[in-house]
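S.K.: One structure is given below, represented as structure tokens, and several questions about it will come after.
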Amino acid sequence: MRIARFTTGEDPAYGLVDGAGEKIAEITGDPLYQRIELTGATHLVEDVRLLAPVIPRSKVIGIGKNYADHAKEMGGEAPTTPLMFLIPNTAVVGPGDPVVIPAVTEEVSYEGELAVIIGRMAKDVAVEQALSTVFGYTVANDVTARDLQRSDGQWARAKGMDTFCPLGPWIETDLDPTACRIRTTLDGEVVQDGPTSDMVHGVAELIAFASQAFTLLPGDVILTGTPAGVGQVVAGQRVEVEVDQIGTLSNPFVSAG
């Protein structure tokens with residue numbers, strides 16, 4: 006099941022997206038908290054504005070260097086335990102929204118990723134039960150100010166700036182997270198292409214590990230890491246991230262001001 010969050014110019018609404026990704030059947034309320042019931046209204050996807058499918062009420066948890074090839078291209082080895090960082094929910098934007106490059110950075114990178122949406126409260130969950138806490142999956146671009154990442158030492162500013170966490174186009178609730186492929190294009194040229202099976206730490210392990218530190222709440226998002234091929238993006242370019250069985254997240258990059 007695909008669940009989109011959208012607007013027709015009024016208050017945001019949720020809907021079920023058909024298999025072709027062309028129509029949305031509107032539903033009542035927020036599916037994270039309420040039973041899914043159709044309102045009877047339908048819309049063409051091309052006639053609505055898709056929004057970020059979830060705005061985390063609590064947190065976005067990023068995972069660094071979770072693909073060995075990416076860790077190597079960054080000059081190191083993949084960590085033996087997941088490397089976590091936090092991103093504020095003010096960084097989240099939706100499909101088609103511009104990613105704003107602020108004046109304080111001169112080196113911004115794209116990072117295409119599979120994102121996990123938590124569906125129920127979880128604390129100290131076992132790996133064996135971890136996937137039962139998942140509501141669904143979406144596509145993410147973990148945008149990074151690489152120069153600030155190096156200078157700051159920790160990653161809050163480099164990863165957490167406004168608009169630096171695009172999510173979309175919708176949530177897919179029925180997905181095998183080990184059997185997807187992530188493809189990122191920069192102005193139409195493929196720059197990343199890797200299977201999620203190459204994750205060093207799988208989705209269940211990431212959820213269990215994160216829940217040891219934080220209580221995971223419905224709507225929390227875990228970014229699961231990026232395959233090799235990250236690189237710089239500048240204002241005027243467009244980055245598209247595609248995850249098999251979900252869809253494509255596309256965002257233009259612009260300069261602040």
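Basically the working numbering = 1-based index in the sequence shown + 5.
Backbone N, C-alpha and C fix where the C-beta goes; we use that ideal spot for every residue, glycine too.
1) According to DSSP, is Ala5 part of a helix, a strand, or is it coil?
2) Please return the same chain residues whose Cβ sits closer than 6 Å to the Cβ of Asp198, not counting the five positions on each side in sequence.
3) With DSSP as the reference, label Val109 as helix, strand or coil.
4) Would you call the segment 41-50 in contact with the segment 150-164, where contact means no fewer than 3 C-beta pairs closer than 8 Å?
5) For the candidate residues Phe219, Ala150, Ile123, whose alpha-carbon lies nearest to that of Val238?
6) Kindly give me the distance between the Cβ atoms of Ile68 and Val144, rounded to whole angstroms, as I take these residues to be in contact under 8 Å.
7) In its own chain, which residues sit with a C-beta less than 7 Å from the C-beta of Asp157, not counting the 5 before and 5 after it?
8) Check the DSSP bridge columns for His48 and list the partner residues they point to.
9) May I ask which residues mark the beginning and end of the alpha helix (DSSP H) holding Gly234?
10) Given that a residue counts as buried once 16 or more other Cβ atoms are within 10 Å of its Cβ, and exposed if not, what is Gln154?
11) For Ser280, does the three-state DSSP call read helix, strand or coil?
12) Sort Gly234, Arg40, Gln217 by Cα distance to Tyr115 and report the nearest one.
13) Tell me the DSSP bridge mates of Phe90?
14) Assess contact between the segment 131-143 and the segment 98-113, defined as three or more Cβ pairs (one per stretch) separated by less than 8 Å. Is contact present?
15) Would Ala57 be called buried (16 or more neighbouring beta carbons within 10 Å of its own) or exposed?
16) With a CB to CB cut of under 6 Å and the five nearest residues on each side skipped, what residues in its chain are close to Val148?
17) What are the uninterrupted segments assigned as beta strand (DSSP E) that are 3 or more residues long and contained completely in the segment 127-172, given in chain order?
18) Assign Val195 to one of two classes, buried (16 or more other C-beta atoms within 10 Å of its C-beta) or exposed (fewer than that).
19) Figure out for me which residue from Thr95, Ala73, Ile92, Glu78 has the closest Cα to the Cα of Thr85.
20) Going by alpha carbons, who is nearest to Leu221 out of Trp160, Ala135, Leu55?
21) Spatial neighbours of Pro257 within its chain, please: C-beta separation below 6 Å, excluding the five flanking residues on both sides.
22) Beta-carbon within less than 6 Å of Glu247's beta-carbon, same chain only, minus the 5 sequence neighbours each way: which residues are those?
23) State the DSSP-derived secondary structure class of Phe11, mapped to helix, strand or coil.
24) Going by DSSP in three states, Gln250 sits in which element: helix, strand or coil?
25) Alpha carbon to alpha carbon, how far is Asn71 from Thr178?
M.R.: Inspection of the coordinates gives the following:
1) The displayed coordinates of the chain run from 6 to 262. Any statement about residue 5 would go beyond what the structure contains.
2) Arg188
3) coil
4) no
5) Ala150
6) The Cβ separation is near 15 Å, so there is no contact.
7) Ala163
8) Ile29
9) Careful: Gly234 lies outside any alpha helix (DSSP H) and carries neither H nor E.
10) buried
11) The question about residue 280 has no answer, for the chain in this structure spans 6 to 262.
12) Gly234
13) Gly67
14) no
15) buried
16) Val104, Phe169
17) 139-146
18) exposed
19) Ala73
20) Ala135
21) Pro103, Arg243
22) Arg188, Thr253
23) strand
24) coil
25) 23 Å
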